[in-house]
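Residue numbers (my numbering): 10 to 256.
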């Protein structure tokens, strides 16, 4: 039995801002920079101003990664908006003493129905009112941490600016596995993935979002939502199997 939306819903904006929070305005400071250079009457060219140390420091700080990563790894900047099949290098802390670094490529967004993809599954309660989506792509561990069994911090954003976690199942779901990383996912490991999302209240999929914390300015993928490829006979999973709800 598949129960609930199988996901904890976190109300946030996929553009990195919390709903109902006013955006801080950047107020420019007017600098009175008129310099009087003596009264000699010479019309010689003024010497070029030297680059300020503060500007140089700001540029260096902007290039610094938001988490420590292996040498040679360049993280995708927070707030980056990507199209399908464009890769991003992402970092987060799956646990307090470790940093995970992955390269993710979101390849395909699929809108399906319970009738089409969940034959043999018992759909009950609020789940009936949700819209199921499949998100397919590829991931590589480009860090130094084994990410075996770790949950991938990828969400979908629905039409109400809600982040929806992917669903997990109590048994095999052949149309779209929707699992965490394999038990062993060492540095250098790669894997194709398919994640199931249940957008509540017949919701839309407007973006895929990497947002490991509320404060993080999300990295997003957007693109055309298509129908899933026709499943082979018998790919409906086990009848009566329970889905797993994340809270």
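From the three backbone atoms N, C-alpha and C, an ideal C-beta is built for every residue, glycine too. Being a predicted model, the structure only gives us computed values, none of them experimental.
- What are the start and end residues of each continuous alpha helix (DSSP H) run of 4 or more residues lying completely inside the segment 105 to 144, in chain order? For the segment 105 to 144, whole alpha helix (DSSP H) runs of length 4 or above, ordered along the chain, are 123 to 126.
- Would you check if the segment 192 to 212 and the segment 87 to 99 touch, i.e. whether three or more CB-CB distances between them fall below 8 Å? no
- Task: Assign residue 83 to one of three DSSP states: helix, strand, or coil.
- Result: Reduced to three states, the DSSP call for residue 83 is coil.
- Item | Range covered by the beta strand (DSSP E) that runs through residue 195 | It is not in any beta strand (DSSP E) - residue 195 carries neither H nor E in the DSSP assignment.
- Task: Pick helix, strand or coil for residue 91, following the three-state DSSP scheme.
- Result: strand
- Taking Cβ to Cβ, would you say residue 140 is nearer than 9 Å to residue 213? yes
- Message: Is residue 215 near the ligand ZN - that is, is its Cβ less than 8 Å away from at least one heavy atom of it?
- Response: In terms of ligand content, the structure shown is empty, and the ligand ZN therefore cannot be addressed.
- CA-CA distance, residue 226 and residue 220? 7 Å
- Task: Could you tell me the distance, in whole angstroms, from the CA atom of residue 73 to the CA atom of residue 106?
- Result: 20 Å
- Using the rule of at least 16 other Cβ atoms within 10 Å of the residue's Cβ for burial, across every protein chain shown, is residue 75 buried or exposed? exposed
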